[in-house]
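**Q** Structure provided below as structure tokens; questions to follow.
Number of protein chains: 2
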Amino acid sequence: MNSNMEKPYVVGIDIGGTNTVFGIVDARGSIVAINSIKTGAYAQADEYVDAVCKNLLPLIEANGGVDKIKGIGIGAPNGNYYSGTIEFAPNLPWKGIIPLAKMFEERLGIPTTLTNDANAAAIGEMTYGAARGMKDFIMITLGTGVGSGIVINGQMVYGHDGFAGELGHVIMRRENGRLCGCGRKGCLETYCSATGVARTAREFLTASTEPSLLRAIPAEEITSKDVYDAAVKGDTLAMNIFNFTGTILGEALVDFIAFSSPEAIVLFGGLAKSGKYIFDPIQKAIDANILPIYKGKTKLLMSELKDSDAAVLGASALGWEVK
Amino acid sequence: MNSNMEKPYVVGIDIGGTNTVFGIVDARGSIVAINSIKTGAYAQADEYVDAVCKNLLPLIEANGGVDKIKGIGIGAPNGNYYSGTIEFAPNLPWKGIIPLAKMFEERLGIPTTLTNDANAAAIGEMTYGAARGMKDFIMITLGTGVGSGIVINGQMVYGHDGFAGELGHVIMRRENGRLCGCGRKGCLETYCSATGVARTAREFLTASTEPSLLRAIPAEEITSKDVYDAAVKGDTLAMNIFNFTGTILGEALVDFIAFSSPEAIVLFGGLAKSGKYIFDPIQKAIDANILPIYKGKTKLLMSELKDSDAAVLGASALGWEVK
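As you go down the protein sequences, you meet chains A and B in turn.
Counting from 1 along the first sequence, just add 124 to a position and that's the residue number in my numbering.
Counting from 1 along the second sequence, just add 124 to a position and that's the residue number in my numbering.
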């Protein structure tokens with residue numbers, strides 16, 4: 125554990141499209157203080173950083189002051205680890221390239237490191253969660269989109285430009301694939317994100333007249349949580365939606381295993397909490413499609429980080445790594 | 125450069141299904157002595173290792189003896205870096221798990237490291253070739269099959285079990301994919317290996333009555349070299365075969381880039397020498413399919429290692445890494 129008696133804490137800041145959550149974390153992964161602001165309330169990045177600092181400083185002061193903080197870790201969409209910038213993030217209010225790490229460093233005088241949100245989750249899982257002690261694993265975050273953080277030889281994979289690990293955008297259907305937010309067709313995330321599951325629900329409901337609890341919900345309002353609730357009640361159509369989703373995800377994981385042969389794949393996010401409804405078809409698709417030399421070698425795990433804390437914990441874990 | 129004044133040489137052994145080539149290499153990547161034996165002539169691994177040693181030792185003696193050799197590197201199909209074994213290699217005469225590295229070490233008293241042939245090629249490219257100085261690149265070997273060696277953060281990717289990097293077996297066609305030697309369907313290597321090109325040629329010749337120079341060759345005897353020769357002469361059908369092959373390979377490379385965002389992808393092997401006929405459609409498919417954040421960032425390069433020497437050079441480069 126990257127403990128440090130003189131600087132016993134790190135700060136984690138998780139920047140989401142809706143909320144920014146920040147907290148102070150100790151070396152055991154306990155959150156000792158936490159707060160949040162609305163990301164979208166600040167049209168200028170400067171105002172936003174000021175607002176985070178204004179709300180974060182009282183937490184820091186209450187825990188011994190700036191001198192007790194070893195580093196700040198930030199998880200953000202389109203975050204670039206090498207430059208400490210966020211670059212052209214479609215779901216954040218600030219356009220272009222924003223030097224966020226530098227902005228926090230200048231205001232707080234604490235070394236700050238930034239990476240994308242899925243990488244932060246992977247570092248959190250490696251530091252405090254299901255991947256403790258693993259040198260080779262892949263974290264797949266199943267949320268509004270599908271993100272990934274890849275660890276090889278005990279190191280995060282950032283690639284030559286800081287943007288490696290966009291596994292939500294490998295192509296799973298090369299013909300008649302679903303249109304993706306990235307402008308291309310057939311990306312994994314169009315099928316296996318929470319929104320992908322809702323999309324599948326609407327397709328399945330339209331394609332048949334099979335009775336389903338989901339027909340009681342207006343089609344455009346169906347969420348992956350609704351599909352889960354219906355599946356739990358034994359709804360066949362809902363279970364078929366999970367089978368479809370899990371099969372495509374399992375097929376994708378098989379290709380990822382051929383790349384880095386990880387010890388485990390860790391699933392994170394709301395959809396991952398659908399338990400056996402999603403895990404069983406994923407495992408079945410892996411077993412049916414895996415290249416023989418990898419058979420039975422890679423564990424499929426669920427994140428061990430508490431959902432409400434995971435993003436801040438993950439970001440904070442980066443804070444231990446600052447030089 | 126991993127030079128060493130007292131031990132100025134390494135030995136590279138490239139084990140192929142047909143020939144085993146071995147040579148003595150200096151720190152600049154010059155082959156100072158080389159020889160070969162027929163791999164298939166030895167039904168027992170013991171006899172085989174004896175035969176290699178018997179033919180290799182005179183080369184070593186002529187260059188100052190065993191004391192001048194820093195290490196031996198072996199490239200072999202299904203080679204496992206961690207254990208120094210080859211495991212269930214379908215194209216070699218010896219079945220099961222063979223502790224080849226240990227067998228050579230015991231006979232010659234020289235530290236020996238083994239990896240699979242595509243990884244050896246990648247190490248050779250990094251040590252002596254087109255990837256000198258690169259920390260993140262992917263080597264794709266286009267031969268009878270499609271192999272790969274992946275380098276991330278300056279390190280070979282072996283995975284938790286030593287078998288990472290089977291990129292010839294990612295699935296490119298999930299419906300009606302071609303049957304692969306691995307028992308699955310739609311693998312990259314069924315389309316983009318030399319044998320995949322020949323298979324495409326037969327398919328294209330059957331599917332149309334378009335005139336082609338290739339029709340002069342019995343269908344079962346067509347090779348990728350024949351397709352190249354026809355393309356050079358302006359044969360449209362041959363060029364379409366390369367377009368088809370390059371498009372699928374380019375689509376695959378786009379997914380690989382989303383994984384590790386490499387500085388370069390280096391193509392190696394006979395098919396890679398088809399020059400613009402294969403490079404142009406690959407680059408076109410990359411440009412048409414790449415995720416926007418990666419656009420224009422990853423170089424597509426041809427191996428700089430001489431074909432006849434590359435395998436031995438690649439294997440030998442491992443010899444510098446021995447402890």
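C-beta atoms are modelled at their ideal positions from N, C-alpha and C, and glycine is treated no differently.
On a predicted model such as this, the values are computed, not experimentally measured, just so you know.
Please state whether the Cβ-Cβ distance between A:Leu437 and A:Gly197 is less than 7 Å.
**A** Against a cut-off of 7 Å, the Cβ pair of A:Gly197 and A:Leu437 comes out as no contact.
**Q** How would you list, in chain order, the residues of chain A whose beta-carbon sits under 8 Å from the beta-carbon of B:Phe287?
**A** In chain order: Ser385, Ile417, Tyr418.
**Q** So does the stretch 293 to 312 of chain A actually touch the stretch 370 to 384 of chain B, counting three or more Cβ pairs closer than 8 Å?
**A** As far as the Cβ criterion goes, the stretch 293 to 312 of chain A touches the stretch 370 to 384 of chain B, which means the pair count is three or higher.
**Q** B:Asn243: buried (16+ other C-beta within 10 angstroms of its C-beta) or exposed?
**A** So B:Asn243 counts as buried.
**Q** Would you call B:Thr251 buried or exposed, if buried means 16 or more other Cβ atoms sit within 10 Å of its Cβ?
**A** Buried, since its Cβ has 16 or more Cβ neighbours within 10 Å.
**Q** Assign A:Leu338 to one of three DSSP states: helix, strand, or coil.
**A** In the structure shown, A:Leu338 sits in a helix (DSSP, three-state: H, G or I).
**Q** Quick one: does B:Val275 have its CB under 7 Å from some CB of chain A?
**A** No, its Cβ sits nowhere closer than 7 Å to a Cβ of chain A.
**Q** Could you check the C-alpha separation between A:Tyr206 and B:Asn187 for me, to the nearest Å?
**A** Roughly 46 Å between the two C-alpha positions.
**Q** Below 7 Å CB to CB, which residues in the same chain sit around A:Leu442 once its five sequence neighbours on both sides are set aside?
**A** Cβ neighbours of A:Leu442 beyond the five flanking positions: Gly197, Thr237, Thr239, Ala244, Ile247.
**Q** With DSSP as the reference, label A:Gly374 as helix, strand or coil.
**A** A:Gly374: helix per DSSP, three-state reduction.
**Q** Bridge partners of A:Lys194, per DSSP?
**A** None, per the DSSP bridge assignment.
**Q** Measure how close the beta-carbons of B:Thr422 and B:Ile372 come, nearest whole angstrom, since I'm counting them as under 8 Å.
**A** Between B:Ile372 and B:Thr422 the Cβ distance is about 18 Å, and since that is not below 8 Å, they are no contact.
**Q** Work out the CA separation of B:Gly141 and A:Gly358 for me, nearest whole Å.
**A** Cα to Cα, A:Gly358 sits roughly 54 Å from B:Gly141.
**Q** Using a beta-carbon distance cut-off of less than 8 Å, what residues from the stretch 372 to 403 of chain A approach chain B?
**A** Going along the stretch 372 to 403 of chain A in chain order, one finds Glu375, Val378, Asp379, Phe380, Ala382, Phe383, Ser384, Ser385, Pro386, Glu387 with a Cβ nearer than 8 Å to chain B.
**Q** When the distance is taken between beta carbons, is A:Glu387 closer than 7 Å to A:Phe212?
**A** Cβ distance not < 7 Å, so A:Phe212 and A:Glu387 don't count as in contact.
**Q** Considering only the beta carbon of each residue, do B:Leu337 and B:Ala322 sit closer than 7 Å?
**A** Not closer than 7 Å, so no.
**Q** Let me see if you follow: with CB-CB separation under 7 Å, is A:Cys306 close to chain B or not?
**A** Interface residue, yes.
**Q** For A:Glu290, decide whether its Cβ has a neighbour in chain B, counting only Cβ atoms nearer than 7 Å.
**A** Chain B contact via Cβ: present.
**Q** Once DSSP output is grouped into helix, strand and coil, what is the label at A:Ser348?
**A** Of the three classes helix, strand and coil, the one that applies to A:Ser348 here is helix, per DSSP.
**Q** At a cut of 8 Å, does the stretch 172 to 184 of chain A reach the stretch 269 to 284 of chain A through at least three beta carbon pairs?
**A** Touching, no.
**Q** Leaving out the 5 sequence neighbours to the left and right, which residues in its chain are closer than 7 Å to A:Met125 when beta-carbon positions are compared?
**A** Residue placement at A:Met125 is poorly supported in this model, since its pLDDT is 44, which falls under 50; the coordinates are not used for a value here.
**Q** Let me check understanding here. Comparing Cα to Cα, which of B:Ile222, B:Asn159, B:Thr144, B:Ala200 lies closest to B:Gln168?
**A** Comparing Cα-Cα distances from B:Gln168 to each of B:Ile222, B:Asn159, B:Thr144, B:Ala200, the minimum goes to B:Ile222.
**Q** Using a C-beta cutoff of 7 Å, does B:Asp260 count as contacting chain A?
**A** Answer yes: the Cβ-Cβ gap between B:Asp260 and chain A drops below 7 Å somewhere.
**Q** Use the C-beta contact count for A:Gly420: other C-beta atoms within 10 angstroms, 16 or more gives buried, fewer gives exposed.
**A** A:Gly420 is exposed by the Cβ-count criterion.
**Q** Taking 7 Å as the CB-CB cut-off, is A:Gln407 touching chain B?
**A** No, no contact with chain B.
**Q** What number of angstroms, rounded off, separates the C-alpha of A:Ala325 from the C-alpha of A:Asn367?
**A** Near 12 Å, if we compare the C-alpha coordinates of A:Asn367 and A:Ala325.
**Q** Note down, in chain order, every chain B residue with its Cβ under 7 Å from the Cβ of A:Lys226.
**A** In chain order: nothing, as chain B lies at least about 21 Å away.
**Q** Would you identify the three-state DSSP class for A:Lys423, choosing helix, strand or coil?
**A** Strand at A:Lys423.
**Q** Which residue's Cα is closest to the Cα of B:Glu375: B:Ile365, B:Ala412, B:Asn159, B:Met426?
**A** Measuring from the Cα of B:Glu375, the nearest candidate turns out to be B:Ala412.
**Q** Applying a beta-carbon distance threshold of less than 8 Å, which residues of chain B neighbour A:Val294?
**A** Neighbours of A:Val294 on chain B, chain order: Asp379, Ala382, Phe383.
**Q** I need the boundaries of the beta strand (DSSP E) containing A:Glu211, first residue and last residue.
**A** Per DSSP, A:Glu211 belongs to the beta strand (DSSP E) from 209 to 211.
**Q** Does any residue of chain A have a CB that is nearer than 7 Å to the CB of B:Lys421?
**A** Yes - at least one Cβ of chain A is within 7 Å of the one on B:Lys421.
**Q** Could you tell me whether the Cβ atoms of A:Thr319 and A:Cys304 are closer together than 7 Å?
**A** No, the Cβ-Cβ distance between A:Thr319 and A:Cys304 is not below 7 Å.
**Q** Does A:Ala340 pass the burial test, meaning 16 or more other C-beta atoms within 10 Å, or should it be called exposed?
**A** Label assigned to A:Ala340: exposed.
**Q** For B:Ser127, count neighbouring Cβ atoms within 10 angstroms of its own Cβ and tell me buried if that reaches 16, exposed if not.
**A** Any answer about B:Ser127 is weak, because its pLDDT of 46 lies below 50 and its placement is not dependable; what the coordinates show is given next. Under this definition B:Ser127 is an exposed residue.
**Q** In terms of alpha-carbon separation, which member of B:Leu391, B:Leu181, B:Asp404, B:Glu130 lies closest to B:Phe146?
**A** Among B:Leu391, B:Leu181, B:Asp404, B:Glu130, the Cα nearest to that of B:Phe146 belongs to B:Leu181.
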